[in-house]
Amino acid sequence: MTTKFEASASFAQSMDVLDPLHVLKSRFHFPQHQGKNSIYFCGNSLGLQPKSVTAAIQQELSDWQEMAVEGYFRAKNPWLYYQYNFGKGLSAMMGCSEEEVTVMNTLTVNLHLILQSFYRPAKERFKIIMEAGAFPSDQYAIETAVKLHGFDPETAIVEVHPLAGEKLLRTEVILQTIQDHKDTLALVLMGGINYYTGQFYDIPAITAAAHKAGAYAGWDLAHVAGNIPLQLHNWAVDFAVWCSYKYLNGGPGAAGGLYVHERFGNDPAFPRLGGWWGNDEKTRFKMEKGFVPRKGAAGWQISTAQVFNMVALKASMEIFEEAGIHALREKSLQLTAYLEHLIRRSPLPCEIITPEDPTQRGAQLSLFFPENGKAIHAQMMETGIICDYREPGVIRLAPAPLYCSYTDVFRFYEVLTSR
Ligand SMILES: *Cc1c(COP(=O)(O)O)cnc(C)c1O
């Protein structure tokens with residue numbers, strides 16, 4: 015795995031030639047810049063559109079046109095069972111059984127729903143540990159959930175901060191915080207990868223510590239899904255939610271993902287909010303009283319499958335299955351390492367705030383420019399390199415291995431050093 019990197023266009027090109035996944039780039043549409051494909055490093059915000067999406071949507075439109083209600087059973091991909099299309103691909107990525115995952119709603123909605131099951135605070139156990147500076151939607155969700163149960167966010171939410179002068183969260187600080195609150199802790203809820211720093215947390219260690227403290231552990235995997243393969247089942251993670259429009263390329267507003275460990279999915283008495291799509295298929299249409307949850311994560315489904323919000327995800331998952339998440343991760347490690355190598359050579363003052371350890375990060379590097387960050391970002395955009403800027407001075411780059419190449423990464427370096 016240790017490749018000797020070189021800062022040259024010819025080296026980058028030779029890496030692309032050797033890369034068996036390089037061909038997949040041509041399966042995606044790229045935003046156009048002066049008549050050419052842009053270089054796209056924003057897959058951590060919104061993934062690109064697979065070219066196969068147009069035909070896939072057309073298929074559903076035709077089936078609806080021609081079959082109307084019969085499409086539930088007779089469509090090419092019967093709508094009644096549409097969610098089954100995702101079990102195989104998602105279980106491979108998440109490291110769990112097909113029954114432990116499903117696709118429904120959107121991330122924050124799923125977070126609220128699953129909190130109904132896993133955050134049922136009592137007088138003695140009511141606290142939630144989360145990372146300081148979590149993604150705003152998660153902060154709002156937790157704050158309002160705590161208030162809904164009549165608790166005060168000031169005392170019920172415990173935020174873990176980096177040590178003074180540091181930007182990353184140390185695992186031992188997280189574990190110590192769990193230990194410190196072990197008698198009052200209900201839930202540990204963290205983002206698998208911090209959206210800002212790109213830090214990938216130690217999911218098994220933190221999950222085990224939460225369990226030892228008598229609390230649940232849930233993960234927001236928005237920046238992990240389609241980026242790093244996991245072992246959610248073996249790590250005994252209780253639940254996880256993610257969105258499908260970042261690395262998974264499901265398109266804006268695509269239906270989000272839900273994982274629930276089988277020890278809850280197999281327990282019909284485990285509390286939840288129900289709807290007909292979560293009810294046992296055999297009795298769903300009998301219109302009788304008494305909710306009988308389906309086995310697995312599907313027992314948390316509420317409404318009929320949002321087919322048009324899942325079509326693009328299905329098309330994208332087919333490309334993921336072809337590539338294999340482990341092969342993608344292997345390429346991703348190399349590609350991100352190459353980007354890091356080039357940035358470290360650049361004479362411009364810049365700090366990579368993402369962990370140096372490749373096992374503690376995914377495809378993203380966050381660069382802090384003490385000066386000119388905004389101007390550098392503008393220059394990238396003007397030259398057709400799409401990346402993201404956040405105050406103060408942080409450019410986030412996500413060379414997603416499905417459609418980014420070594421040549422793309424080298425091009426970034428060329429523009430960076432041309433200043
Ligand atoms: C992108 C992202 C979300 C988005 O939530 P939606 O409900 O899909 O809008 C939530 N949490 C994190 C950590 C994210 O990165």
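The numbers in the numbering used here rise by one with no breaks, and the one at position 87 of the sequence shown is 101. By construction, the Cβ of each residue, glycine as well, lies at the ideal position given by its N, Cα and C atoms. Quantities reported herein were computed from a predicted structural model and do not represent experimental measurements.
- Rounded to whole angstroms, the separation of the alpha carbons of Arg375 and Ala21 is 23 Å.
- Not one heavy atom of ligand 1 is found less than 6 Å from the C-beta of Phe253.
- Contact between the stretch 298 to 312 and the stretch 41 to 54 is not established, with fewer than three Cβ pairs separated by less than 8 Å.
- Across the structure, Val172 and Gln153 are spaced so that their CA atoms are roughly 11 Å apart.
- Around the beta carbon of Arg41, 16 or more other beta carbons sit within 10 angstroms, so the residue counts as buried.
- Counting only residues of its own chain and dropping the five nearest sequence neighbours on each side, Arg359 has a CB closer than 7 Å to the CB of Ala21.
- Below 8 Å, enough C-beta pairs join the stretch 242 to 256 and the stretch 97 to 116 to call them touching: three or more.
- With a cutoff of 6 Å, Phe149 counts as near ligand 1, since its C-beta is closer than that to a heavy atom of the ligand.
- Gly232 has its CB no nearer than 6 Å to any heavy atom of ligand 1.
- Under the DSSP assignment, Leu353 falls outside any beta strand (DSSP E), being part of the alpha helix (DSSP H) whose first and last residues are 339 to 359.
- Each residue's CA atom was taken as its position, placing Val274 and Val202 some 15 Å apart.
- For Cys56, the pairing in a beta bridge is given by DSSP as Ala412.
- Distance between Cys401 and Arg410, taken at the CA atoms: about 6 Å.
- Rounded to whole angstroms, Tyr230 and Met324 show a C-alpha spacing of 29 Å.
- Two segments are said to touch when three or more pairs of C-beta atoms, one from each, lie closer than 8 Å; by this definition the stretch 124 to 132 touches the stretch 253 to 266.
- One thing to note: Leu416 has its Cβ within 7 Å of the Cβ of Leu38.
- If the five residues before and after Ser346 are omitted, its C-beta is found closer than 6 Å to the C-beta atoms of Ala377, Pro415, all from its own chain and listed in chain order.
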